[in-house]
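Numbering (UniProt numbering), first residue to last: 1 to 448.
Even for Gly, the Cβ is constructed at its ideal location relative to N, Cα and C.
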């Protein structure tokens, strides 16, 4: 009977619709895609997983407390006072979600585990293939438009920078679609163990390397790490640690190309001697971790906040369009009174909210919104919502550096996943109508 089953697999126009009571069930349709649904466990959707949102802040505050550079002059009390409005509201909202989950579960007779998600592998494969084609198409257009590859040009000594590359208004979409492709491909690899998906991840990361974008390396790396821990677990903690070290090394390698090791060590203002044998990636991570906190503390104490919605949403509008519509030009951002150094202009993910949305009031509103967003995606049992949850978790981790939820490079992933989710729902409804209409003549059962 096993031979007959594999013979049936070779027949055209057949749709696999599941397994019931030891029988493989198929529908024969004219132009239907082979659809295979799988139920998986994803613990990150559990309320107990929200520690991941706050762990980076605890780590960065600890690194700041070590006081290894001239930039960590503010006291810990000042640091906590500045950060509290951005962290406490999120924690309270997630606590309310957790309490509601406990209460609702207590009144259910047979509660289903919160972590269970249904994945349509066939639809995910189709969406990934389409997105990959769009990604490569935009990439080719940008290479033709720019005429050179940033990494190679910079290694050859050209004055070109990664900021010069890309088509205005389209470059951010390239990054977001690439991140979505890498995340979907990696999830398909974990679920199917087919190495072609791992190759797709490698190609996206190679493109990001050629474009000299450390930010997207970190975003994709974190999203894949969250997926790996959620779908595989902590059993291979050694491999996870090696991946983290590899990301740190690549981060430093790209940084050395862009700035130079010795020049950066001079800018870092270290109070201790940095070992020659230690890769510069570690000090890059340390400095990039504490200087945003130091800058943000100064911002909250020196800057007078206003309400400026044009600046607040400027991240979603290309600079040229912003200038044409509103007559404003975005300032480079390296000449601020609150910077601890002219070389480091990042002031955490709260920096573009505090001055444009009324100070700490706007921070509280945003932090509440982040909590609601995490709580919403953690309640919906959908593959694409799972990917969105990975994106928002990664963005929450990187909130220490910048606000990726207000960056087109990352935030457009939510739009990509929303479109995929809508298409998946439409496909499922269409398949259900077809199955119901064909149940009397088109269903075939094959015992295995």
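Residue i versus the options, residue with shortest Cα-Cα distance
i           : options               : result
residue 280 : 157, 266 and 41       : 266
residue 307 : 291, 298, 293 and 361 : 361
residue 123 : 411, 82, 69 and 184   : 184
residue 148 : 421, 219, 133 and 167 : 167
residue 394 : 302, 225, 336 and 289 : 225
residue 39  : 191, 223, 354 and 247 : 191
residue 243 : 256, 254, 228 and 276 : 228
residue 157 : 401, 364, 257 and 343 : 257
residue 66  : 344, 399 and 287      : 287
residue 410 : 165, 63, 213 and 187  : 213
residue 79  : 196, 63, 294 and 222  : 294
residue 139 : 177, 365, 105 and 369 : 177
residue 182 : 337, 155 and 128      : 128
residue 252 : 355, 406, 217 and 301 : 217
residue 83  : 104, 271, 283 and 301 : 301
residue 352 : 366, 388, 284 and 376 : 366
residue 453 : 172, 211, 186 and 237 : Absent from the model: residue 453. The displayed extent of the chain is 1 to 448, so no value can be given.
residue 271 : 42, 64 and 378        : 64
residue 371 : 341, 405, 354 and 103 : 405
residue 49  : 119, 284 and 230      : 230
residue 423 : 106, 120 and 208      : 120
residue 223 : 390, 376 and 98       : 390
residue 145 : 170, 186, 338 and 392 : 170
residue 142 : 153, 165, 131 and 132 : 165
residue 136 : 173, 105 and 154      : 173
residue 247 : 75, 209, 104 and 378  : 209
residue 292 : 355, 425, 61 and 188  : 61
residue 356 : 235, 238 and 299      : 299
Residue i - DSSP class collapsed to helix/strand/coil
i           : result
residue 253 : helix
residue 337 : coil
residue 421 : helix
residue 270 : strand
residue 304 : coil
residue 6   : For residue 6, the predicted structure reports a pLDDT of 36, less than 50, and the residue's modelled location is therefore unreliable. A value from the coordinates is still provided. In this structure, residue 6 counts as helix in the three-state DSSP scheme.
residue 41  : strand
residue 285 : helix
residue 116 : strand
residue 357 : strand
residue 213 : coil
residue 263 : helix
residue 201 : helix
residue 233 : coil
residue 275 : coil
residue 228 : helix
residue 187 : helix
residue 12  : Annotation note: pLDDT 40 at residue 12 (below 50); position unreliable, coordinate value reported separately. Reduced to three states, the DSSP call for residue 12 is coil.
residue 426 : helix
residue 238 : helix
residue 221 : helix
residue 51  : helix
Local Cβ density within 10 Å of residue i, reported as buried at 16 or more and exposed below that
i           : result
residue 175 : buried
residue 100 : exposed
residue 296 : buried
residue 461 : The requested residue 461 does not occur in the structure, where the chain is confined to residues 1 to 448.
residue 275 : exposed
residue 21  : At residue 21, the pLDDT of 40 sits below 50, so the modelled position is not reliable; the number obtained from the coordinates is stated separately. Classification for residue 21: exposed.
residue 277 : exposed
residue 202 : exposed
residue 116 : exposed
residue 102 : exposed
residue 359 : buried
residue 375 : buried
residue 283 : buried
residue 474 : Outside the modelled stretch of the chain, which goes from 1 to 448, sits residue 474, for which no answer is possible.
Any non-hydrogen atom of the ligand NAP within 7 angstroms of residue i CB
i           : result
residue 384 : Looking at this structure, you won't find the ligand NAP or any other ligand, since it has none at all.
Item to check | Contact between the segment 54-63 and the segment 81-94 (3+ Cβ pairs under 8 angstroms) | outcome: yes
Checklist entry - Given 8 angstroms as the limit, is there contact between the segment 412-425 and the segment 63-78, that is, 3 or more CB pairs closer than that? => result Per the Cβ contact rule, the segment 412-425 is not in contact with the segment 63-78 (fewer than 3 Cβ pairs under 8 angstroms).
Item to check | Segments of 4+ residues assigned as alpha helix (DSSP H) that fall wholly inside the segment 129-183 | outcome: 150-155
Item to check | the segment 376-386 touching the segment 348-359, judged by at least three CB pairs closer than 8 angstroms | outcome: In the pairwise beta carbon analysis, the segment 376-386 is classified as not touching the segment 348-359: fewer than three pairs are separated by under 8 angstroms.
Item to check | Every unbroken alpha helix (DSSP H) within the segment 344-422, with a cutoff of 4 residues, ordered by chain | outcome: 360-379 and 383-397
Checklist entry - Going along the chain, which unbroken runs of the alpha helix (DSSP H) with 4 or more residues stay wholly within the segment 55-127? => result If you keep only unbroken alpha helix (DSSP H) runs of at least 4 residues inside the segment 55-127, you get 76-106.
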